[in-house]
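Just so we're aligned: 479 in our numbering is position 407 of the sequence shown, and the numbers increase by one with no gaps anywhere. As structure tokens, the structure follows; a few thoughts come after it.
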Amino acid sequence: MQISEFLNSLKKNKSDKGAQEPAEPPAEPEKTVGGGDEKKTPAPKVKKPDAGFIHYFQLLKGIKNPVVDEYDFERDGTLVEVNVDDTYEQIDQYWVTNGCSLIIIALNKKTNQQEYLLFEPSLSDFEYELLERLYEDLRCVLILSSKDIKKDRKQVLLEKMNELFNDYGITLTRSARHKIQYFLVRNFLGWSRIDPLMKDPNLEDISCDGNKVPIFLYHRHYRNIRTNIAFEPDILNSLAITLAQRSGKHISSGSPIIDATLPDGSRLQLTFGSEVTTRGTSFTIRKFREEPFSPVELIEIGTFNADVLAYFWMAIENNKSLLFIGGTASGKTTSLNAVSLFIPPIAKVVSIEDTREITLFHDNWIASVTREALSEGSNAITMFDLLRAAMRQRPEYILVGEVRGAEAQTLFQAMNTGHTTFSTMHAGGVDAAIHRLESEPLNVPRNMVQALNIISVQGLIFHGTERVRRVQEVVEIAGIDPSSGNMRVNNVFVYDPIHDKINFTGRSQIYTDIAEKRGWTREQLEADIATRKNLLEEMRKQGIKDYVSVASLFHAYSIDAKEVIANISDLRMVIQ
Ligand SMILES: Nc1ncnc2c1ncn2[C@@H]1O[C@H](COP(=O)(O)OP(=O)(O)OP(=O)(O)O)[C@@H](O)[C@H]1O
Ligand SMILES: [Mg+2]
Numbered sequence: 073m074q075i076s077e078f079l080n081s082l083k084k085n086k087s088d089k090g091a092q093e094p095a096e097p098p099a100e101p102e103k104t105v106g107g108g109d110e111k112k113t114p115a116p117k118v119k120k121p122d123a124g125f126i127h128y129f130q131l132l133k134g135i136k137n138p139v140v141d142e143y144d145f146e147r148d149g150t151l152v153e154v155n156v157d158d159t160y161e162q163i164d165q166y167w168v169t170n171g172c173s174l175i176i177i178a179l180n181k182k183t184n185q186q187e188y189l190l191f192e193p194s195l196s197d198f199e200y201e202l203l204e205r206l207y208e209d210l211r212c213v214l215i216l217s218s219k220d221i222k223k224d225r226k227q228v229l230l231e232k233m234n235e236l237f238n239d240y241g242i243t244l245t246r247s248a249r250h251k252i253q254y255f256l257v258r259n260f261l262g263w264s265r266i267d268p269l270m271k272d273p274n275l276e277d278i279s280c281d282g283n284k285v286p287i288f289l290y291h292r293h294y295r296n297i298r299t300n301i302a303f304e305p306d307i308l309n310s311l312a313i314t315l316a317q318r319s320g321k322h323i324s325s326g327s328p329i330i331d332a333t334l335p336d337g338s339r340l341q342l343t344f345g346s347e348v349t350t351r352g353t354s355f356t357i358r359k360f361r362e363e364p365f366s367p368v369e370l371i372e373i374g375t376f377n378a379d380v381l382a383y384f385w386m387a388i389e390n391n392k393s394l395l396f397i398g399g400t401a402s403g404k405t406t407s408l409n410a411v412s413l414f415i416p417p418i419a420k421v422v423s424i425e426d427t428r429e430i431t432l433f434h435d436n437w438i439a440s441v442t443r444e445a446l447s448e449g450s451n452a453i454t455m456f457d458l459l460r461a462a463m464r465q466r467p468e469y470i471l472v473g474e475v476r477g478a479e480a481q482t483l484f485q486a487m488n489t490g491h492t493t494f495s496t497m498h499a500g501g502v503d504a505a506i507h508r509l510e511s512e513p514l515n516v517p518r519n520m521v522q523a524l525n526i527i528s529v530q531g532l533i534f535h536g537t538e539r540v541r542r543v544q545e546v547v548e549i550a551g552i553d554p555s556s557g558n559m560r561v562n563n564v565f566v567y568d569p570i571h572d573k574i575n576f577t578g579r580s581q582i583y584t585d586i587a588e589k590r591g592w593t594r595e596q597l598e599a600d601i602a603t604r605k606n607l608l609e610e611m612r613k614q615g616i617k618d619y620v621s622v623a624s625l626f627h628a629y630s631i632d633a634k635e636v637i638a639n640i641s642d643l644r645m646v647i648q
């Protein structure tokens with residue numbers, strides 16, 4: 073018997089009252105994944121059975137639901153059938169979810185380009201129609217009781233699924249049951265078709281350029297890469313609405329552009345419909361790692377070395393202002409976030425951003441974000457407004473996600489009035505950055521630009537065949553040349569691409585100033601720098617590199633440096 077016939081037979085004795093739409097309709101299930109685009113059209117709609125009614129009836133009869141049988145890769149084996157044809161030559165493969173979502177990186181011999189092929193369980197016609205049916209019926213039964221609310225969401229979903237299986241009176245094979253569980257969880261609780269991409273830790277960016285256009289990715293190892301995933305317009309729009317809603321924003325043809333932060337901290341840019349983006353709804357997700365990069369990890373990756381970070385550490389403790397510049401995705405925000413760990417633990421910090429990206433480990437921290445006008449009559453809150461408000465919050469450190477408009481002047485006023493600020497800006501080099509600061513629409517007067525102490529230039533560059541992120545140079549602003557009126561800058565660190573090394577030029581006005589202020593001799597200054605460098609290197613050697621441990625250790629150092637140094641051979645002792 074076909075499932076639709078079978079399910080139709082159930083409807084005779086039921087009514088369709090009380091059905092409620094879920095807040096978030098899940099995307100349609102797909103019949104198969106990978107390879108072609110042979111999506112199966114959903115079965116003709118049949119009137120739904122009142123699942124709740126049968127359920128209560130069965131409860132009265134004392135029929136018990138089976139316990140939820142969760143899928144286990146080791147025990148149950150894979151649910152995915154891989155089907156890559158001869159046009160592809162496999163290069164790499166890995167699981168995003170063991171047994172359920174597999175990534176194959178393969179060379180397409182026709183185009184001579186690498187592709188990112190996602191494989192998920194494929195469903196038989198029966199399973200597909202059953203899944204469709206479950207979506208419909210779950211809308212009726214996903215009205216949670218107070219007992220359910222306390223439970224894990226996945227558990228509740230799977231229990232409700234089991235109840236429905238009981239209602240239908242069907243028994244599935246284990247593998248069919250597990251496949252259906254996978255799609256239900258992925259579509260109700262995850263991000264439907266892009267869920268595996270959201271879970272893949274190797275991805276930096278996910279971009280969807282429009283209807284029926286394959287999704288492109290920026291992969292940590294394979295760089296820009298095309299996928300085998302594309303969306304029909306209605307499914308794409310429904311995904312866009314889910315993305316916006318779960319970030320607490322509203323998207324519609326009336327306000328078709330949003331910038332938002334997804335619940336996991338990723339940054340989302342979304343345009344809806346085809347009015348502003350002619351190929352249809354588009355989105356770009358900048359994924360951030362669950363845990364931000366710590367300074368120690370940035371040493372390990374080679375973006376900075378211990379000399380540069382010890383320099384930032386000293387500069388930050390002594391209230392010097394920093395600007396990270398570089399091209400798109402060169403890692404400016406990541407570096408800003410990492411060096412913010414050097415801010416003394418109880419100093420007051422205010423961060424100002426368009427979308428929340430900065431994560432700090434400080435308690436005394438106000439995290440503010442701009443917002444657009446929500447409706448007529450409500451005000452938009454801009455970076456400028458937040459900065460003005462921040463000045464009255466008496467912060468010692470002000471972090472501005474990215475400067476790009478009129479707020480630049482206020483930021484430089486803040487620096488001129490003794491606040492320490494860190495921010496990022498799009499600019500290829502120091503000259504370009506200063507030029508940008510001084511011209512429209514930033515318009516910072518040259519004598520105010522001098523309040524900025526350090527510019528760090530980041531680059532996403534080639535090292536051999538690998539794409540790596542490296543600091544290109546670290547520059548101090550040394551005032552205005554009185555004769556020419558030009559800005560004087562002083563190179564402190566310079567990257568040597570041939571040896572992949574960062575060299576200290578030996579000239580730092582900031583080091584000299586710090587020594588003077590503290591009444592240190594040159595030897596004392598050098599000893600202090602050496603201690604910090606050594607500590608950073610020891611942390612790396614001893615594997616203390618996760619954000620939380622590194623933050624705790626810096627905090628310990630700022631409270632009692634001697635104690636930390638006394639335990640340098642076993643730094644874990646200090647954190648414990
Ligand atoms: N030093 C690094 N090493 C490896 N990956 C990095 C590094 N810095 C950043 N990344 C990764 O690169 C991506 C871009 O980083 P980030 O957002 O910090 O760049 P950005 O320069 O601020 O970009 P944008 O110009 O879009 O604001 C992120 O996925 C991040 O995890
Ligand atoms: Mg950024």
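Every residue gets a Cβ at the ideal spot worked out from N, C-alpha and C, and that includes glycine. Given the structure is predicted, the values throughout are model-derived calculations rather than measurements.
In the pairwise beta carbon analysis, the segment 544-551 is classified as touching the segment 517-529: at least three pairs are separated by under 8 Å. Annotation for E276 indicates a beta carbon at 7 Å or more from all heavy atoms of ligand 2. Those residues that bring their Cβ nearer than 6 Å to a heavy atom of ligand 2 are K404, T405, E474 and T496. For D164, the three-state secondary structure derived from DSSP is strand.
The C-alpha of Y290 lies about 10 Å from the C-alpha of A401. For I373, the shortest C-beta to heavy atom distance toward ligand 1 is below 7 Å. Per the coordinates, the alpha-carbon of F396 lies some 25 Å from the alpha-carbon of S279.
Just measuring C-alpha positions, the residue of L275, N606, L340 and L236 sitting nearest E429 is L340. Taking a contact as a CB-CB distance under 8 Å, the pair R225 and L261 counts as one, their CB atoms being some 6 Å apart. Comparing C-alpha distances from Q522 to each of R265, T496, G557 and L190 shows the shortest one belongs to G557. With 16 or more neighbouring CB atoms inside 10 Å of its own CB, N377 falls in the buried class.
Looking from the CA of I163, the closest CA among Y188, W592 and E512 belongs to Y188. Within 7 Å of the C-beta of R508 there is not a single heavy atom belonging to ligand 1.
R361 and R539 do not touch by the CB rule: their CB atoms are close to 17 Å apart, not below 8 Å. Shortest gap from the CB of T482 to any heavy atom of ligand 1: 7 Å or more. DSSP lists F288 and T356 as the beta-bridge partner residues of S279. Three or more beta-carbon pairs separated by less than 8 Å link the segment 382-390 to the segment 594-614, which places the two stretches in contact. In chain order, S393, T493, A523 and L524 place their CB closer than 7 Å to the CB of M487, counting only its own chain and leaving out the 5 sequence neighbours on each side. About 15 Å separates the Cβ atoms of K573 and E372, ruling out a contact at the 8 Å cut-off.
In this structure, S325 sits away from G352, with a CB-CB distance that is not shorter than 8 Å.
I552 and R518 do touch by the CB rule: their CB atoms are close to 6 Å apart, below 8 Å. By the criterion of at least three beta-carbon pairs nearer than 8 Å, the segment 403-418 is not in contact with the segment 637-645. If you draw a 10 Å sphere on the C-beta of F145, you find fewer than 16 other C-beta atoms in it, and that means exposed. Excluding sequence positions up to five before and after Y166, its CB lies within less than 7 Å of the CB of I175, all in the same chain and listed in chain order. Going by beta carbons, E231 and V156 fall outside the 8 Å limit. Rounded to whole angstroms, R590 and N390 show a C-alpha spacing of 10 Å.
Spanning the alpha carbons of A178 and N274 requires a straight line of approximately 16 Å.
Taking a C-beta distance under 8 Å as the contact criterion, P367 and V411 qualify as a contact pair. In the DSSP assignment, F626 falls within the alpha helix (DSSP H) that extends over Y619 to I631. F484 places its beta carbon 8 Å or farther from that of V620. In this structure, the beta-carbon distance from R358 to D281 does not fall below 8 Å. In this chain, F456 is not harboured by any beta strand (DSSP E); it is covered by the alpha helix (DSSP H) spanning M455 to M463. Around E510, the same chain offers V516, P517, R518 and V521 as residues with beta carbons nearer than 8 Å, after the five sequence neighbours per side are excluded.
DSSP links T496 through a beta bridge to F396. Inter-residue distance for S407 and Q581 is about 22 Å (C-alpha atoms, whole angstroms). R361 has its Cβ nearer than 7 Å to a heavy atom of ligand 1.
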